[in-house]
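Numbering (this note's numbering), first residue to last: 16 to 278.
Shown next, in the form of structure tokens:
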């Protein structure tokens, strides 16, 4: 997929655009600390890392030539998997909720508890959006359309980012989510995602059931990036989930009333 950024201007443009949310995040965190409410520096670093990964993906610094399918796949890994995970770990929703006036915070809280939010925030929904988007892109003529049409190209990137963020939030996000399933259930969904990515990358490597008008060497290289890079991203997501897991301890058994029976 030829990147429109190769013709749109200097590499600094994506970085300048992403500097705005980064500055807003840092300013909000600083105001929170000034009010005597702590905020983790690690979360700040996570948000800056996510913005930096997006700037790298959207600029012209990737190690592949214009139109190289391997460059597109590296973009997908950065925009759709690694950057969203970093942004999710920054807990931006928690930061925003703490900065809003109480009335607006309650409105946002009600929105997060709505049926629509509950459906979108479910890990299975997020899984369908991510895997379904990949299948639609690579197994239909959509990839060719996106390569030839800039607005479709940008729409694909937006889908990568939003669906990737939604999936990372549904699986391991520290931000509040409505009726989040148990950790074992989320691990099962993550396992299905790993299997789905692996199956699609193997089909892509073999050139079976995919609609990609690219050189075979680039197709195979992109499939390898998807296979191994996706494994790394999903392993990081699993680690992010496990470090926040606090298994419930069973309640201690109560002694029978009246003490033990005499034998």
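Ideal Cβ placement from N, Cα and C applies to all residues, glycine included. If you're wondering where the values come from, they're calculated on a predicted model, not measured in any experiment.
- Under the three-state reduction of DSSP, residue 105 is assigned to coil, being neither helix nor strand.
- Take residue 111, set aside five residues on each side of it, and the residues of its chain with a beta-carbon closer than 8 Å to its own are 43 and 123, in chain order.
- Taking 8 Å as the upper bound for CB-CB distance, residue 176 and residue 94 are in contact here, some 5 Å apart.
- Its chain contains 72 as the residues whose beta carbon lies nearer than 6 Å to that of residue 90, once the 5 sequence neighbours on both sides are disregarded; these appear in chain order.
- In the DSSP annotation of this structure, the continuous segment of the alpha helix (DSSP H) that includes residue 167 starts and ends at 165-187.
- A check of alpha carbon separations from residue 186 across 202, 237 and 164 identifies 202 as the nearest.
- Along the segment 45-132, the alpha helix (DSSP H) occurs as fully enclosed runs of 4 or more residues at 56-73, 84-92, 98-104, 107-114 and 117-127, listed in sequence order.
- For the pair residue 88 and residue 257, the CB atoms are not nearer than the 8 Å cut-off.
- Every unbroken stretch of the alpha helix (DSSP H) spanning 4 or more residues and falling wholly within the segment 186-242 is given here in chain order: 198-221 and 231-239.
- With 16 or more other CB atoms across the displayed protein chains lying within 10 angstroms of its CB, residue 178 is buried.
- Judged by beta-carbon spacing, residue 33 lies within the 8 Å limit of residue 69, meaning their Cβ atoms are closer than that value.
- Between the segment 210-219 and the segment 124-134, the count of Cβ pairs shorter than 8 Å is below three; the stretches do not touch.
- Bounds of the alpha helix (DSSP H) holding residue 253 are 245-258.
- Assigned with DSSP and collapsed to three states, residue 156 falls in coil, not helix or strand.
- When the Cα atoms are used, residue 212 and residue 146 turn out to be separated by approximately 7 Å.
- Taking C-beta atoms under 8 Å as the contact rule, residue 155 and residue 226 qualify, at a distance of about 6 Å.
- Excluding the 5 residues flanking it on each side, residue 144 has same chain C-beta neighbours closer than 6 Å at 178, in chain order.
- The residue from 190, 252, 152 and 192 with its alpha-carbon nearest to that of residue 215 is 152.
- Within the model, the alpha-carbon separation for residue 82 versus residue 149 is close to 18 Å.
- Contact between residue 105 and residue 58 holds: their C-beta atoms lie close to 5 Å from each other, under 8 Å.
- The beta-carbon distance between residue 114 and residue 47, rounded to whole angstroms, is 7 Å. This is short enough to meet the 8 Å contact definition.
- Excluding the 5 residues flanking it on each side, residue 166 has no same chain C-beta neighbour closer than 6 Å.
- For residue 158, same chain residues with a beta-carbon under 7 Å away, outside a window of 5 residues either side, are 16, 152, 226 and 227 in chain order.
- Rounded to whole angstroms, the Cβ separation of residue 189 and residue 109 is 7 Å, and the two are in contact under 8 Å.
- Cβ-Cβ distances below 7 Å link residue 161 to 16, 167, 168 and 171 in the same chain, with the five nearest sequence neighbours on each side left out; the list follows chain order.
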